[in-house]
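Asks:
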Amino acid sequence: MIPQRTAISGSGSAAIVRPRMAALIDVNACAPPRLRSIAARLAGRPAGIIGTAAEARRAASFGVNVGSSCLPPLGAMVLSGSVLRGAFGRLPSDGSLLTFGQRAHEAARLLGVSPAFGTRAAALDDALPEPIDSLPRDELRAAWGVDASERVCLLLASPAASCDARMALDIAGRTSMLGHPVVLVVHPSSPGAARAERLASAAGGAWRLAFDARVDDPELLASAADVAIAIDLRIGRGGPGATGRDSGISAFALAFARGITAMIPDGDSWGARLAARAGIPVVVASNTPAASMPDMVPAERIFDPRRPNVAAVALHTILSAASR
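Throughout, the working numbering is defined as the position within the sequence shown, counted from one, plus 187.
(1) Can you find the residues in the same chain that come closer than 6 Å, C-beta to C-beta, to residue 415, ignoring five residues on each side of it along the sequence?
(2) Am I right that residue 456 and residue 481 are in contact with their C-beta atoms under 8 Å? What's the rounded C-beta distance?
(3) Can you give the beta carbon distance from residue 225 to residue 212, rounded, assuming they're within the 8 Å contact cut?
(4) State whether the stretch 324–342 contacts the stretch 243–256, with contact taken as three or more CB pairs (one from each stretch) at a distance under 8 Å.
(5) Which whole-angstrom value describes the C-beta separation of residue 374 and residue 339, a residue pair presumed to lie in contact below a C-beta threshold of 8 Å?
(6) Under 8 Å, do residue 293 and residue 264 count as touching if we go by C-beta distance?
(7) For residue 206, collect the residues of the same chain with a Cβ closer than 7 Å to its Cβ; drop the 5 residues on either side in sequence, then sort them by chain order.
(8) If we ignore side chains and look at the alpha-carbon of each, how far apart do residue 506 and residue 360 end up?
(9) Nearest to residue 483 by CA position, among 459, 270, 245, is which residue?
(10) Along the chain, where does the beta strand (DSSP E) that runs through residue 213 open and close?
(11) Measuring only the C-alpha atoms, how far is residue 259 from residue 489?
(12) Measuring only the C-alpha atoms, how far is residue 434 from residue 464?
(13) Go through its chain and collect everything with a Cβ distance to residue 384's Cβ below 7 Å, but skip five positions before and after it.
(14) Does DSSP put residue 283 in a helix, a strand or coil?
(15) So residue 303 and residue 282 are in contact, right, with Cβ under 8 Å, and what is the actual spacing, rounded?
(16) For residue 231 and residue 223, I'd like the C-alpha separation in whole angstroms.
(17) By the three-class DSSP mapping on this structure, what secondary structure does residue 395 have?
(18) If we ignore side chains and look at the alpha-carbon of each, how far apart do residue 355 and residue 391 end up?
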């Protein structure tokens with residue numbers, strides 16, 4: 188349930204009483220497993236939501252105690268200081284504020300608060316939530332239209348807005364051409380999903396695509412998946428081209444440009460880690476956080492996103508071994 192603001196009289200005028208926010212959450216940057224983990228970590232303490240009312244309800248559905256929510260005007264974080272202050276009130280200034288997602292970090296900065304990310308939150312942020320049971324295999328495969336001769340590949344959406352559906356279908360199609368018909372299951376909100384659907388239609392059924400909004404919670408679908416792939420839409424802010432030298436007017440221009448455009452959230456390693464924990468073999472692009480976990484992903488399952496054939500061969504190798 189999302190609590191309402193309470194108005195009280197005081198000094199002849201109405202005042203708004205809000206609980207002190209323990210966290211700021213950019214829901215667009217959080218897949219369901221992370222929202223469950225955040226809810227458990229906060230243990231009922233209120234959180235401020237950066238996003239729409241629907242996104243606030245989504246966070247509440249996973250157990251987050253939503254204290255207030257705020258959608259930045261025109262989507263521009265850099266113009267939102269007063270609106271954020273009105274929505275969230277006074278934030279903790281002792282370094283205890285937890286922030287999740289880049290827009291939440293930006294909000295804390297705009298409000299002059301030093302969040303806890305990089306210290307206590309960083310250690311907590313890596314803990315996966317408790318495992319959940321998978322849905323029935325036959326029910327899932329029937330919903331996706333998968334027959335007995337086809338294999339299922341999940342496009343790991345962690346979160347959904349970070350992955351590249353178009354590239355993933357290209358790789359799945361190449362895998363099918365190597366001899367293993369593959370149905371790629373993607374989140375309908377994934378970037379490139381519409382282009383991937385057009386490509387699949389143009390291929391005349393040779394490249395198969397299914398949409399399922401639950402793919403951002405891979406353990407739910409584990410019983411029906413043969414393999415999974417992780418591909419981020421972009422390289423993170425610390426990747427090639429990051430100089431760290433922006434200052435003055437150039438820094439303001441960069442912040443403004445970042446603030447007025449729809450932010451593509453950075454992908455995280457959770458999708459791959461959860462899939463691996465559920466027993467799904469995972470192939471990951473080298474620009475994903477999971478690629479830095481060699482104990483979980485062998486080197487032969489890490490590919491340069493500019494070389495889709497390498498990824499297709501890795502998927503083909505996994506599926507061939509499983510069919511023996």
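Cβ atoms here follow ideal geometry from the backbone N, Cα and C, with glycine treated the same way.
Replies: Short version:
(1) The residue you call residue 415 lines up with position 228 of the sequence shown. If we look at residue 415 and ignore the five residues flanking it on each side, its Cβ neighbours are 341, 343, 462, 467, 469.
(2) Against the sequence shown, residue 456 aligns to sequence position 269. Against the sequence shown, residue 481 aligns to sequence position 294. At roughly 12 Å, the Cβ-Cβ gap does not stay under 8 Å, so residue 456 and residue 481 are not in contact.
(3) For the purposes of this step, residue 225 is identified with residue 38 of the sequence shown, where counting begins at 1. For the purposes of this step, residue 212 is identified with residue 25 of the sequence shown, where counting begins at 1. That belief holds up - the Cβ atoms of residue 225 and residue 212 are roughly 6 Å apart, short of 8 Å.
(4) no
(5) Locating residue 374 in the sequence shown gives position 187, where the first residue counts as 1. Locating residue 339 in the sequence shown gives position 152, where the first residue counts as 1. In fact, because the Cβ distance is near 15 Å, the residues do not count as touching under 8 Å.
(6) Here residue 293 refers to the residue found at position 106 of the sequence shown. Here residue 264 refers to the residue found at position 77 of the sequence shown. Result yes, Cβ atoms of residue 293 and residue 264 sit closer than 8 Å.
(7) In the sequence shown, counting from the first residue as 1, residue 206 sits at position 19. Cβ neighbours of residue 206 beyond the five flanking positions: 233, 254.
(8) Against the sequence shown, residue 506 aligns to sequence position 319. Against the sequence shown, residue 360 aligns to sequence position 173. Looking at the two C-alpha atoms, the distance is approximately 14 Å.
(9) The count along the sequence shown starts at 1 and reaches residue 483 at position 296. That would be 459, whose Cα lies nearest to the Cα of residue 483.
(10) As a position in the sequence shown, residue 213 is number 26, starting the count at 1. Note, residue 213: beta strand (DSSP E), 210–213.
(11) Taking the first residue of the sequence shown as 1, we reach residue 259 at position 72. Taking the first residue of the sequence shown as 1, we reach residue 489 at position 302. About 37 Å.
(12) As a position in the sequence shown, residue 434 is number 247, starting the count at 1. As a position in the sequence shown, residue 464 is number 277, starting the count at 1. In this prediction, residue 434 has a pLDDT of 42, which is less than 50 and means its spatial position is unreliable; nothing more can be read from the coordinates.
(13) The residue you call residue 384 lines up with position 197 of the sequence shown. Excluding residues within five positions, the ones whose Cβ falls inside 7 Å are 396.
(14) If you number the sequence shown from 1, residue 283 lands on position 96. If DSSP states are grouped into helix, strand and coil, residue 283 belongs with coil.
(15) In the sequence shown, residue 303 corresponds to position 116, counting from 1. In the sequence shown, residue 282 corresponds to position 95, counting from 1. The pair is a contact, with the Cβ atoms about 6 Å apart (cut-off 8 Å).
(16) Your numbering for residue 231 matches position 44 in the sequence shown. Your numbering for residue 223 matches position 36 in the sequence shown. Answer to the nearest angstrom: the Cα atoms are 12 Å apart.
(17) Position 208 of the sequence shown, counted from the start, is the residue given in the question as residue 395. In the structure shown, residue 395 sits in a strand (DSSP, three-state: E or B).
(18) The residue given as residue 355 occupies position 168 in the sequence shown. The residue given as residue 391 occupies position 204 in the sequence shown. Roughly 18 Å between the two C-alpha positions.
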